[in-house]
Ligand code: TYD
Ligand code: MG
């Protein structure tokens, strides 16, 4: 078979050029051409394509819609983010910082699948077989029957998959895999994209479930192209502070289940253990309330979780800093403007730092009210009352908007012993919740007033 030719594809417009150019000849974008393999059986050979019979078309109603069979991995928290387990022919991309626990979790999952009679393969490109074996001993997986292949050549990996026909294969990591067909270095955008595409095709053709491990760049995106995320069925991200033992695995895309579902794990001496009741782990333990701290209830997937938001407002220099960890920085600037305009709280000449405790990342706007209350609390040097929490989105006009599924959030906080809340008016329950005093507000100034009265 003749070796496939390489050509260059524009990542913006998809236009093809036979050689590398600085500027795409089709859309004139700069630096967008990426090396790729030209399919040899394409255009030139198929001159009679137009005469081919049409493909068969069916109506949706006639297709038997059998739900995908899922195989649970045996790790409940992982199954939750996967939407119940692994799916035949499904391709999962799992990303995260180095050392956060990707290899550990996948090795544990493979081992329990293997013990349940599945045929599993772990392809390691980063570590030697001995290193993987060492890790499995450390994890207490004695006499593990997981098959290991230390290989980075795509063609060899594909041939092994074809010959072995495993039920699930983990490729750790996609950045180390390279194809002979391309001249670019392993880990380059072209290689990563091409290899992932081949592996995805192999998964669909043979029904093996493939898990690709991907590294995350300093900017927080999966190294290599975002295009990987489009190719695969499920994208999971590991989050969390490497300094704390808690790890979150978040589904940001899932063709077989809900997105934004999270799994919570704790890193122990013997690997990652699922945490089935994560609600209270993101609260720091203050004996007495301290200024600059406000607890909120965030909804991660289907689970409400209590998270402490901390703020520090300190006199700044001529150009004061605004810094946020785990929360959106632009949103912080917006909230400070709303605070000034609608509640008369000025932080113009102050440095403002906010942090979501425990390394969680909160993307939902329901954190707004808690962020504002933490900031004012720090500015005044007055703590919020004991057992206090708040949630709600704040708009530019100073209105407080409801958060989705408010009742669940309130009930979760009440369950954990919280007693006072400031929440959006439409989230206030019709029936009182035992042990909980709820202050319903429509505007930020109202929320500030209530807190001032309470403290
Ligand atoms: P690892 O799975 O190698 O991370 P990744 O594949 O995402 O780069 O995780 C390695 C870290 O986890 C390392 O810092 C040591 C720690 N660890 C434990 O705390 N307990 C364990 O049982 C194992 C295997 C690792
Ligand atoms: Mg690893």
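Residue numbers (the numbering used here): 1251 to 1705.
By construction, the Cβ of each residue, glycine as well, lies at the ideal position given by its N, Cα and C atoms.
Beta strand (DSSP E) segments (min. 3 residues) lying fully within the segment 1446–1527: 1459–1465, 1484–1489, 1496–1504, 1512–1518 and 1521–1524
Would you report the Cα separation of residue 1645 and residue 1591, rounded to the nearest angstrom? Distance between residue 1645 and residue 1591, taken at the CA atoms: about 12 angstroms.
Segments of 3+ residues assigned as beta strand (DSSP E) that fall wholly inside the segment 1373–1417: Taking only runs of at least 3 residues, the beta strand (DSSP E) segments lying wholly in the segment 1373–1417 are 1397–1400.
So is the beta-carbon of residue 1665 under 8 angstroms away from any non-hydrogen atom of the ligand MG? no
Within 10 angstroms of the Cβ of residue 1226, are there 16 or more other Cβ atoms? Answer buried if so, exposed if not. Outside the displayed range of the chain (1251 to 1705) lies residue 1226, so it cannot be described from this structure.
Between residue 1426 and the rest of its own chain, which residues show a CB-CB distance below 8 angstroms, the 5 nearest in sequence each way excluded? 1375, 1376, 1402, 1436 and 1437
Could you tell me which residues DSSP puts in a beta bridge with residue 1628? Residue 1628 pairs with nothing; no bridge assigned.
Beta carbon of residue 1332 nearer than 9 angstroms to that of residue 1527: no
What is the DSSP secondary structure of residue 1292, reduced to helix, strand or coil? Unreliable positioning characterises residue 1292 in this predicted model, as indicated by a pLDDT of 46, which lies under 50. A coordinate reading is not provided.
For residue 1449, which residues from the same chain have a beta carbon less than 6 angstroms from its beta carbon, with the 5 sequence-adjacent residues on both sides left out? 1460
Take the Cβ of residue 1232 as the centre, count every other Cβ of all protein chains shown within 10 Å, and call the residue buried at 16 or more, exposed below. The displayed coordinates of the chain run from 1251 to 1705. Any statement about residue 1232 would go beyond what the structure contains.
Between 1258, 1607 and 1384, which has its C-alpha nearest residue 1433's C-alpha? When each option's Cα is compared against that of residue 1433, the closest is 1258.
Does the ligand MG have even one heavy atom less than 8 angstroms from the beta-carbon of residue 1463? yes
Residue 1704 (DSSP reduced to helix, strand or coil): helix
Any heavy atom of the ligand TYD nearer than 6 angstroms to the CB - residues listed: 1346, 1348, 1349, 1350, 1351, 1352, 1353, 1354, 1385, 1388, 1389, 1517, 1519, 1520 and 1521
Beta-carbon separation (whole angstroms), residue 1419 vs residue 1373, contact threshold 8 angstroms: Yes, they are in contact, since the Cβ atoms of residue 1419 and residue 1373 sit about 6 angstroms apart, within 8 angstroms.
Are the CB atoms of residue 1489 and residue 1572 nearer to each other than 9 angstroms? no
DSSP three-state label for residue 1595, please. It is coil, neither helix nor strand.
For residue 1518, is the classification buried or exposed, using 16 other Cβ atoms within 10 angstroms of its Cβ as the cut-off for buried? exposed
What's the C-alpha gap between residue 1690 and residue 1633? 20 angstroms
Please state whether the Cβ-Cβ distance between residue 1550 and residue 1630 is less than 9 angstroms. no
Is residue 1422 a contact residue of the ligand COA, with contact defined as CB to any heavy atom under 8 angstroms? With respect to the ligand COA, the structure offers nothing, as its ligand set consists of the ligand TYD and the ligand MG.
Where does residue 1314 sit, in a helix, a strand or coil, going by DSSP? coil
May I have the straight-line CA-CA distance separating residue 1294 from residue 1408, to the nearest angstrom? Residue placement at residue 1294 cannot be trusted, given a pLDDT of 49 that sits under 50; the coordinates are not used to answer.
If I'm right that residue 1415 touches residue 1364 with Cβ under 8 angstroms, what's the distance once you round it to whole angstroms? About 15 angstroms separates the two Cβ atoms, so there is no contact after all.
Helix, strand or coil: which one does DSSP assign to residue 1424? helix
Going by other Cβ atoms of all chains shown within 10 Å of its Cβ, with 16 needed for buried, is residue 1702 buried or exposed? exposed
Other residues of its chain near residue 1292: CB distance less than 6 angstroms, five sequence neighbours each side excluded: Note on residue 1292: pLDDT 46, under 50, position unreliable in the model; no value is reported.
Would you say the beta carbon of residue 1401 comes nearer than 8 angstroms to a heavy atom of the ligand MG? no
As assigned by DSSP and simplified to three states, the class of residue 1370: strand
Comparing the CB of residue 1538 with every heavy atom of the ligand MG, is any distance shorter than 8 angstroms? Result no, Cβ not under 8 angstroms from the ligand MG.
Take the Cβ of residue 1358 as the centre, count every other Cβ of all protein chains shown within 10 Å, and call the residue buried at 16 or more, exposed below. buried
Leaving out five residues on either side along the sequence, give the residues of the same chain with a beta carbon under 7 angstroms from the beta carbon of residue 1346. 1352, 1466, 1487 and 1488
Over what stretch of residues does the beta strand (DSSP E) that includes residue 1606 continue unbroken? It spans 1600–1606 - the beta strand (DSSP E) in which residue 1606 sits, taken as one unbroken run.
Can you confirm whether the segment 1608–1628 touches the segment 1573–1581 when touching is taken to mean that 3 or more C-beta pairs between the two stretches lie within less than 8 angstroms? The answer is yes - the segment 1608–1628 touches the segment 1573–1581, with three or more Cβ pairs under 8 angstroms.
Less than 8 angstroms between the CB of residue 1306 and some heavy atom of the ligand MG, yes or no? no
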